[in-house]
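Protein chains in written order, with my numbering: chain A, 1 to 331; chain B, 1001 to 1331.
Using N, Cα and C, we set each Cβ at its ideal position, and we do this for glycine too.
Written out below as structure tokens is the structure these notes cover.
Number of protein chains: 2
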Amino acid sequence: MPELRKDPIYGRWVIISTERSRRPSDFAPEERRPIGGFCPLCEGNEDRTPPEVLAFRDNGASPNSPGWSLRVVPNKFPALRIEGELDREGEGIYDKMNGIGAHEVVIETPQHSETLSTLPLKGVENVLWAYRERMVDLRRDQRLRHVLVFKNYGSAAGASLEHSHSQIIALPIVPTRVREEIEGSKNYFLYKDRCVYCDIVRQELRQRSRVIAENSGFVSIAPFASRFPFETWILPKIHQPSYEQMEATFYGLAAEILSDTLRRLKQVLDDPPYNYIIHTSSYPEQDRDYYHWHIEIMPKLTKVAGFEWGTGFYINPTPPEEAAEYLREAR
Amino acid sequence: MPELRKDPIYGRWVIISTERSRRPSDFAPEERRPIGGFCPLCEGNEDRTPPEVLAFRDNGASPNSPGWSLRVVPNKFPALRIEGELDREGEGIYDKMNGIGAHEVVIETPQHSETLSTLPLKGVENVLWAYRERMVDLRRDQRLRHVLVFKNYGSAAGASLEHSHSQIIALPIVPTRVREEIEGSKNYFLYKDRCVYCDIVRQELRQRSRVIAENSGFVSIAPFASRFPFETWILPKIHQPSYEQMEATFYGLAAEILSDTLRRLKQVLDDPPYNYIIHTSSYPEQDRDYYHWHIEIMPKLTKVAGFEWGTGFYINPTPPEEAAEYLREAR
């Protein structure tokens, strides 16, 4: 059983994989490890993944067989396990709990060669809708506190499979970074009686120098204090506290701007590795006034060095105004 | 002039390099870029660096000429500049200031082939003493709030020069991570009237399962909630709030355990890339009771993916007890 351990200074939780532990010789050097050969995520190989928890299929196709456009399956090597009771205990001054949670893989397309930036719009909307369905379902589990949806694209961004996929991790704790973001937006609201993200959207749409793209529901921007070159955020234009509580029509608009933004990044940066994360509240009712869900996309162009790790303080060699200009003009 | 910008939600500051900005084509792919050829840090090439701010030299050798065992020079491509007045201003809802600060390079040895793990003990002690000298000097500048000392070893860890060196960055703000660490240790002290690091040292020396090495002044451990495989902390055994205020004899003991620990990592992990950071208080007098300086060493063995970036929450595939066992037995 994996273990969750808490840092006694920061309050930061860490998952320690105690089962499939990696020895010194298991860490291959930084070179790109070969990807390719047999793909367990391709259509026809449904028996090589754990049974699906969600799928969008043709009428009449039976579960765990071909005929799907999207599948969600449990991760074969999960960081957390869904079975068991949550058990919290101390070890001297330290705190730990067993690794209860969910770890799922969203297989975004049956085609090995497709990516999120080549998929038709309907395919991208399916992906965003699948995230919503799984969030709603996982939130019903009373042991779990937060659902994380993220994508690693390209091996330099941590993807270990080439086939287009994203991941969902449901946790029995609220991660520190999430808590800090919620706290930050709450403090801003207490001070100004306005949502900080609504203020960002308003100022960016007025200044325009950091706007990359927009549609009737969303805007994508290079944020003012970008940590990384070409960091990009996608925000709903109107106040939307939680990802899974949006009106159904918004998922299509979100798919449109995500697809558009990823294509611009692909064109300007020559198909870069990237990570994106959906930032949404763990307690949507409670955070309704001051939190505003959004997507953060981080192309992986530079190596993060000691300075950044030690301080949470970043040196970004590309001003966001310049990044936005390149991306605005792309296409 | 570089610019410091503050994220309005997290309160996190970012340095935006506005002068030597990197365009899309400047981001080389992830492959290891060739290192080699002419080295500006080697003995004999003193005229290829800015004039030294500190050096340890043979008697009679003149500044900026051969005959040194260690030099500290300003970074030729600094992230921050020391000249000018600190100027804080708003831009709508955003906050920024000009990039005042210092960025220096510690050239740890005149020999291109030496590294911190091959240098004789006296050489390592010189490096640690140089850190202290520069910290004491930079703290005199009233515009600056925090001095960061760190080392990137190996190109995968962000080093752009092969010649053994570390870096010093003095900032006009206290970075969020540093502030959170100080706050965390303060909260622990308010609750228990004990320093959390003293408690960690005490428990680790009793349990021993995560101890890697020790001498009369220091202990190196694999921390309980390690974020990364083979993450290693070096802590003073007795309460020491600040790096630069230690008694002189402790720098020799710190050099001994740092050298010993780096050699173990080198042997077990086949000369891995790594980062280390000296964690010390920005306001040593104020934080005297509850803060305890230490070094955090992070071998760069795995790729940090979207999950980690988005959450500050890590999945570590090697339990620290196993890492410590490998490192304890090395040599």
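Would you verify that the beta carbon of B:N1098 is, or is not, closer than 8 Å to some beta carbon of chain A? no
If I measure Cβ to Cβ from B:F1239 and keep anything under 7 Å in the same chain, skipping five residues before and after, which residues do I get? According to the sequence shown, residue 1239 of chain B is His rather than Phe. Cβ within range, chain order: C1195, C1198 and H1292.
Going by DSSP, which residues form a beta bridge with B:E1003? B:I1016 and B:N1098
Given 8 Å, three or more beta-carbon pairs between the region 1202-1218 of chain B and the region 1229-1248 of chain B: yes
Just verifying my parser: in three-state terms, what is the DSSP assignment at A:I9? coil
I need the boundaries of the alpha helix (DSSP H) containing A:P236, first residue and last residue. Per DSSP, A:P236 belongs to no alpha helix (DSSP H); it is in the beta strand (DSSP E), T232 to P236.
I want to verify the contact list: residues of chain A whose CB lies under 9 Å from the CB of B:N1075, in sequence order. Going along chain A, no residue has its Cβ under 9 Å from B:N1075, so there is no contact; the nearest lies around 11 Å.
DSSP-derived helix/strand/coil call for A:G67: Taken through DSSP and simplified to helix, strand or coil, A:G67 comes out as coil.
Interface residues of chain B facing A:R227 [CB-CB closer than 7 Å]: V1014
Please report whether the beta-carbon of B:E1181 lies at a distance below 8 Å from any beta-carbon of chain A. yes
Starting from the Cα of B:E1108, find the closest Cα among B:R1012, B:S1242 and B:E1043 and give me that residue. B:E1043
What do you reckon, are the CB atoms on B:V1147 and B:A1170 nearer than 8 Å? yes
For A:V174 and A:K6, the rounded distance between their alpha carbons: 12 Å
DSSP three-state call for B:A1170: helix, strand or coil? strand
Cut-off 7 Å between Cβ atoms - residues of its own chain near B:H1165, not counting five sequence neighbours on either side: L1041, V1105, V1106, I1107 and E1108
Terminal residues of the continuous beta strand (DSSP E) containing A:A55? L54 to R57
Looking at the structure shown, is B:P1229 part of a helix, part of a strand, or coil, going by DSSP? Look at B:P1229 here: in three-state DSSP terms it is coil, with no helix or strand label.
Stretch-stretch touch, CB-based, cutoff 8 Å, three pairs: the region 1051-1062 of chain B with the region 1083-1093 of chain B: Output reads no: the region 1083-1093 of chain B does not touch the region 1051-1062 of chain B.
Looking at A:A157 and the ligand NAD, is the gap between the Cβ and the nearest heavy atom below 7 Å? What this structure holds is no ligand at all, so the ligand NAD is not there to describe.
Taking DSSP as the reference, what is the three-state secondary structure of B:K1151? strand
Residue burial classification, B:P1034 (beta-carbon count within 10 angstroms, cutoff 16): Confidence is the limiting factor: at B:P1034 the pLDDT is only 48, short of 50, which leaves the residue's position unreliable and the question unanswerable from this model.
By Cβ distance, which residues of its chain are closer than 8 Å to B:S1259, with the 5 residues on each side in sequence left out? L1116, S1117, L1119, L1121 and V1124
8 Å Cβ cut-off: residues of chain A touching B:A1079: I315
Sort A:F189, A:P74, A:W129 and A:F27 by Cα distance to A:R48 and report the nearest one. A:P74
Nearest residue (CA-CA) to B:L1205, options B:Q1245, B:Y1191 and B:I1221: B:I1221
Do you know whose CA, among A:N126, A:A157 and A:S113, lies nearest A:E256's CA? A:N126
So the alpha helix (DSSP H) B:P1320 belongs to, where does it begin and stop? P1320 to E1329
For B:M1001, does the count of other Cβ atoms within 10 angstroms reach 16, so buried, or fall short, so exposed? exposed
Collapsed DSSP secondary structure at B:M1135 in the structure displayed: helix
Taking the alpha carbon of A:A213 as the point to measure from, which residue in A:F224, A:P229 and A:W233 has its own alpha carbon closest? A:W233
With DSSP as the reference, identify every bridge partner of B:M1200, one or two as the case may be. Just to set this straight, residue 1200 of chain B is Ile in the shown sequence, not Met. Bridge partners of B:I1200: none, in fact.
For B:H1112, tell me which candidate among B:N1045, B:L1144 and B:R1139 has the shortest Cα-Cα distance. It is B:N1045 whose Cα lies nearest to the Cα of B:H1112.
Status (buried if at least 16 other CB within 10 Å, exposed otherwise) for B:G1037: exposed
Short-range partners of chain A found in the region 1169-1194 of chain B, where Cβ spacing is below 8 Å: Against chain A - using a Cβ distance shorter than 8 Å - the residues of the region 1169-1194 of chain B are I1169, L1171, P1175, T1176, R1177, V1178, E1180, E1181, G1184, S1185 and Y1188.
With 8 Å set as the bound, which would you pick, yes or no: does the beta-carbon of A:S281 sit closer than that to a beta-carbon of chain B? By this cut-off, A:S281 is not an interface position.
Going along the chain, which unbroken runs of the beta strand (DSSP E) with 3 or more residues stay wholly within the region 257-281 of chain A? The qualifying runs are 274-279.
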